[in-house]
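This report concerns only the one structure given below.
Protein chains in written order, with this note's numbering: chain G, 33 to 359; chain X, 14 to 343.
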């Protein structure tokens, strides 16, 4: 009698897959480096610490939302209302400001409204069972609509001096507060996704929700928490952007939901769920920021940048397919 | 990928050469618009190029975001600050949100002015309005009087009764009415900037005042509706429709004869003047102070009020001789 050899059950995705993800990040890093080199050759103003520091504002706020969105998409859901959450949170901060709130209260207001919006999204998707894409298209109009009702064609201005620190302040030399928040969020989300049980659950829910449910993962709760996180990060982005603009208008951050999704998908997060990594999103944010800034320095019309980003996005989705077909 | 990279590198090298060549002593003035691809702003860029040619040592950077957002304009402003342009002349998507970015530009020694659509005073040195309320008020009655040498009854077809702009212009018009003897303003009606309501109000005016000789509509919706009403009533040649309108919408009615002439700002002049002002401020030839005047080439000079705002000129008059040229622009 021979005992059968113990079956090896991988605790992660197959090695081919992990190799692919690794490859994708390497490729992204190469692209980022290439763009960096081309830009420094193309413009005499590119390699200036202050200019590069200014350039980071092109992506920091979007990336803050992007990290949470990455987890949400890995879990097989999506939130298209993030830009509208940002607008509503910003409007709420404006209202709080007119009521005489100081900086700490303003920040708490922004975060709380973001969290509440995320909770509503979560309740619609998990509680009522609506598909997330439909539910969040609905709340996208709802949240921004409330903003428009409150403000109309007016704007909130005159935020307190101290409030400007979040979007206009610097921690040390050219390192802005927003850049620090970006780095901090990247670390927190990377650890959460890649080093905790919760992160493992997120992948499991995205790969096969039924199997995840039968293996004891509370699928609904995981998803609800992810919607809450996305709302909270949108609230944080609202604090940063409102502080940077020094004002609130209902049209704030128009169209950002698609830019955030673009960033996440470009970062190698599978739009069908189940795969992706936070370092990928960080690199995608850098690539998008560098492209936008580099083309801006050369005064290339914005539409060319959009075309370039669009081509990269198609490349991102097509390359892995071509790769796996070849194997 | 390699082709793409090659193209990029070539473009990059070419741009580097241009950039180095231009660094000499030319003043680089950035004309930042609400969004690229809008006829009105393309025309303004034409005016800016005209000014650059006249000045000689100026390079125009015509730029803007793809859609009319403040965030997009801030990205553009950051890129311009990084290039250390000499001046930024901007038509703003947001009066307030651009202030921090433009303040930073001014801190780094860049001359910042706004034109067409203004920025709050702390974010710019001065703002150039295309025209002013008194100039507009005078122009709309003058347009009617020019074609009525013997005088006659005229009526005003406005937007809504609460429309701030229109009310101000009509008020200014009333102030200068005395300068046009024989012109008798018989009524002011409101079309609420709705095509069908404006059309009915214009019909009503013609029925109530059989001797009506002109309808003044200081709104782009009203003027088109009134011209249509005059044509449909067969009163072309008897009732002249004038006021403020867009050349693209009015060209047909000027041809049909229902409107002899109308007015609106000229985007070419606006781009030209903004460039001239930016140049004069950047070179130190003029200062942006309340009460001061800044020369702007063939357009004369602009005088600034307390908020450092100034009006460029009378609204530009369009008639059969020039409306077609502008109809393709805006």
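No residue lacks a Cβ here, since even glycine has one placed at the ideal position from N, Cα and C.
query                                                                                                                                                                           : result
Of all the CB atoms in chain X, is at least one closer than 9 Å to the CB of residue 198/G?                                                                                     : no
Can you tell me the Cα-Cα spacing of residue 226/X and residue 247/X, whole angstroms?                                                                                          : 13 Å
For residue 281/X, write down the residues that DSSP places opposite it in a beta bridge.                                                                                       : None, per the DSSP bridge assignment.
What ranges does the alpha helix (DSSP H) occupy inside the region 260–344 of chain G, keeping only unbroken runs of at least 4 residues that lie completely in it?             : 288–298, 310–329
Quick check on residue 122/G: buried or exposed, where buried means 16 or more other Cβ atoms within 10 Å of its Cβ?                                                            : buried
Measure the alpha-carbon distance for residue 321/G versus residue 90/G and round it to whole angstroms.                                                                        : 6 Å
Where does residue 128/X fall in DSSP's three states?                                                                                                                           : strand
Taking CB distances under 9 Å as the criterion, tell me whether residue 85/X reaches chain G.                                                                                   : yes
Note down, in chain order, every chain G residue with its Cβ under 7 Å from the Cβ of residue 88/X.                                                                             : 90, 324, 328
For residue 256/X, which beta-bridge partners are listed by DSSP?                                                                                                               : 230/X
Below 8 Å on the Cβ atoms is my guess for residue 295/X versus residue 40/X; work out the distance and round it to an integer in Å.                                             : 6 Å
For residue 236/G, collect the residues of the same chain with a Cβ closer than 8 Å to its Cβ; drop the 5 residues on either side in sequence, then sort them by chain order.   : 243, 244, 247, 249
For residue 285/G, collect the residues of the same chain with a Cβ closer than 7 Å to its Cβ; drop the 5 residues on either side in sequence, then sort them by chain order.   : 115, 118, 119, 273
Indicate the three-state DSSP secondary structure (helix, strand or coil) for residue 46/X in the structure shown.                                                              : coil
Sorted by chain position, which residues of the same chain lie with C-beta nearer than 7 Å to residue 147/G's C-beta, five sequence neighbours on each side aside?              : 260, 263, 264, 267
Sorted by chain position, which residues of the same chain lie with C-beta nearer than 6 Å to residue 198/X's C-beta, five sequence neighbours on each side aside?              : 167
Taking Cβ-Cβ distances below 8 Å as the criterion, which residues of the region 259–277 of chain G are in contact with chain X?                                                 : 273, 276, 277
Rounded to a whole number of angstroms, what is the C-alpha to C-alpha distance between residue 162/G and residue 155/G?                                                        : 9 Å
Give, in chain order, every residue of the region 182–195 of chain X whose Cβ lies closer than 8 Å to some Cβ of chain G.                                                       : none
Taking CB distances under 9 Å as the criterion, tell me whether residue 77/G reaches chain X.                                                                                   : yes
I need the DSSP call for residue 125/G, collapsed to helix, strand or coil.                                                                                                     : helix
Where does residue 163/G fall in DSSP's three states?                                                                                                                           : coil
Is the beta carbon of residue 289/G closer than 9 Å to that of residue 111/G?                                                                                                   : yes
With DSSP collapsed to three states, give me the class of residue 163/X.                                                                                                        : coil
For residue 316/X, count neighbouring C-beta atoms within 10 Å of its own C-beta (all shown protein chains included) and say buried if the count is 16 or more, exposed if not. : exposed
Helix, strand or coil: how does DSSP classify residue 332/X here?                                                                                                               : strand
Tell me the DSSP secondary structure of residue 136/X in three-state form.                                                                                                      : helix
By the criterion of Cβ-Cβ separation under 7 Å, what are the contact partners of residue 58/X in chain G?                                                                       : Going along chain G, no residue has its Cβ under 7 Å from residue 58/X, so there is no contact; the nearest lies around 12 Å.
Taking Cβ-Cβ distances shorter than 8 Å, what residues in chain G pair up with residue 82/X?                                                                                    : 283, 286, 287
Between residue 36/X and the rest of its own chain, which residues show a CB-CB distance below 6 Å, the 5 nearest in sequence each way excluded?                                : Confidence in residue 36/X is poor, its pLDDT being 44 and thus under 50, which makes the residue's placement unreliable; the coordinate value appears in the next sentence. Excluding sequence neighbours, residue 36/X sits near nothing in its chain.
Can you grab the Cα-Cα spacing for the pair residue 338/G / residue 327/G, in whole Å?                                                                                          : 11 Å
Is there a C-beta anywhere in chain G that falls below 9 Å from the one on residue 317/X?                                                                                       : no
So, with DSSP's three-state summary, where would you put residue 212/X?                                                                                                         : helix
Of all the options 234/G, 271/G, 306/G, 315/G, which has the alpha carbon lying nearest to the alpha carbon of residue 140/G?                                                   : 271/G
If we ignore side chains and look at the alpha-carbon of each, how far apart do residue 205/X and residue 183/X end up?                                                         : 15 Å
Can you say whether residue 346/G is buried or exposed, counting buried as having 16 or more other CB atoms within 10 angstroms of its CB?                                      : exposed
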